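Trainee:
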Amino acid sequence: GFMQKMSCVRPDYMSSQEDINEKMRAILIDWLIEVHYKFELMDETLFLTVNIIDRYLEKQVVPRKKLQLVGVTAMLLACKYEEVSVPVVEDLVLISDRAYTKGQILEMEKSVLNTLEYNMSVPTPYVFMRRFLKAADSDKQLQLVSFFMLELCLVEYQMLKYCPSLLAAAAVYTAQCAINRCWQWTKICETHSRYTRDQLIECSKMMVQFHQKAAGGKLTGVHRKYSAFKFGCVAKVEPAHFLLGG
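Here the UniProt record's numbering is used: the first residue of the sequence shown is 1, the next is one more, and so on.
1) Hey, could you find the ends of the alpha helix (DSSP H) H36 is sitting in?
2) State the Cα-Cα distance for the pair R55 and R64, rounded to the nearest angstrom.
3) Looking at the secondary structure, which residues open and close the alpha helix (DSSP H) in which C177 lies?
4) Which same chain residues end up closer than 6 Å to C177 when comparing Cβ atoms and leaving out the 5 residues on each side of it in sequence?
5) Let's test the definition: count the other Cβ atoms within 10 Å of the Cβ of F229 and tell me whether it reaches 16, buried, or not, exposed.
6) Of the choices A135, L67, S204, K225, whose alpha-carbon is the least far from that of T190?
7) Check whether the region 155-163 touches the region 177-186, taking contact to mean three or more Cβ pairs, one atom from each stretch, closer than 8 Å.
8) Compute the Euclidean distance between the alpha carbons of V70 and D97, then round it to the nearest angstrom.
9) Would you list, in sequence order, the uninterrupted alpha helix (DSSP H) runs of no fewer than 4 residues that lie entirely inside the region 65-147?
10) Tell me the rounded alpha-carbon separation between T220 and L32.
11) Put H211 into one of helix, strand or coil per three-state DSSP.
12) Go to L41, then tell me how far its alpha helix (DSSP H) extends in each direction, as first and last residue.
13) To the nearest angstrom, report how far apart T196 and M42 are at their CA atoms.
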């Protein structure tokens with residue numbers, strides 16, 4: 001309900017940006033997914049990072065040369081909120097190839113906190129994902145494939161039109177379809193997510209399309225991550241092509 005509304009951004013906020021676009025947002029998030037992986041941060045930190053970036057960009061016009069600074073700062077803030085041990089600012093300076101100074105990061109941190117009115121606890125898709133996976137009585141494979149679907153969506157600006165709970169439910173549904181090669185969405189899943197299969201199908205079809213092109217194209221960070229042994233090599237799971245027909 002209300003809390004979800006707070007975490008949602010206007011799905012067309014890019015139209016008020018003059019110097020950046022959705023492609024640049026995609027490049028930034030693809031890179032941050034790799035940084036997140038390198039630093040071995042918690043899952044929720046990644047989702048909060050992206051949420052902070054979008055909420056900031058919705059309210060502030062940012063020049064292209066500062067976009068990566070917004071990204072790095074958002075990750076720092078998300079870490080402070082979620083992580084036990086926070087990466088030191090110097091590490092973030094290094095990982096951005098010294099594009100920014102420590103001072104610039106701390107200054108941007110103030111700007112982000114003020115813009116978002118210090119409101120960091122928002123329900124990201126991650127929060128719903130944990131709940132729905134429990135309801136689906138998920139094994140490790142279903143968890144990993146569901147997160148693979150969800151992270152493919154993080155990079156895609158067009159997916160901001162879906163609220164976090166729907167994205168999470170659709171990710172679980174699409175993952176189940178890919179693994180089991182069938183259409184099922186059980187009554188239990190429906191009850192816990194409060195979404196019927198009909199409500200998820202449009203979003204799920206988009207996920208299947210992202211899955212189909214995940215290995216090609218310019219941005220392959222998510223695919224590379226989920227091709228790793230640590231993530232069960234689940235990127236190799238065959239996409240649920242059959243969903244596109246129905």
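The C-beta atom is built at its ideal place from N, Cα and C for all residues, glycine as well.
Values in this document were obtained by computation on a predicted structure and should not be read as measured data.
Mentor: So, from the data block:
1) For H36, the enclosing alpha helix (DSSP H) starts and ends at 22-38.
2) Straight-line Cα distance between these residues: approximately 17 Å.
3) Note, C177: alpha helix (DSSP H), 164-180.
4) Non-local beta-carbon contacts of C177 in its own chain, meaning distances under 6 Å to residues more than five positions away in sequence, involve A240, L243 in chain order.
5) Exposure of F229 is indicated by the presence of fewer than 16 other C-beta atoms within 10 angstroms of its C-beta.
6) Note on identity: in this sequence residue 190 is Glu, with Thr being the wrong assignment. E190 has its Cα closest to that of A135, out of A135, L67, S204, K225.
7) No, the region 155-163 is not in contact with the region 177-186.
8) Answer to the nearest angstrom: the Cα atoms are 15 Å apart.
9) Counting only runs of 4 or more residues that sit fully inside the region 65-147, the alpha helix (DSSP H) segments are 67-82, 89-95, 102-115, 125-135, in chain order.
10) In a straight line, the C-alpha of T220 is about 12 Å away from that of L32.
11) Three-state DSSP puts H211 in a helix.
12) Looking at the DSSP string, L41 is not in any alpha helix (DSSP H), and its letter there is neither H nor E.
13) Pairing T196 with M42, the inter-Cα distance amounts to about 30 Å.
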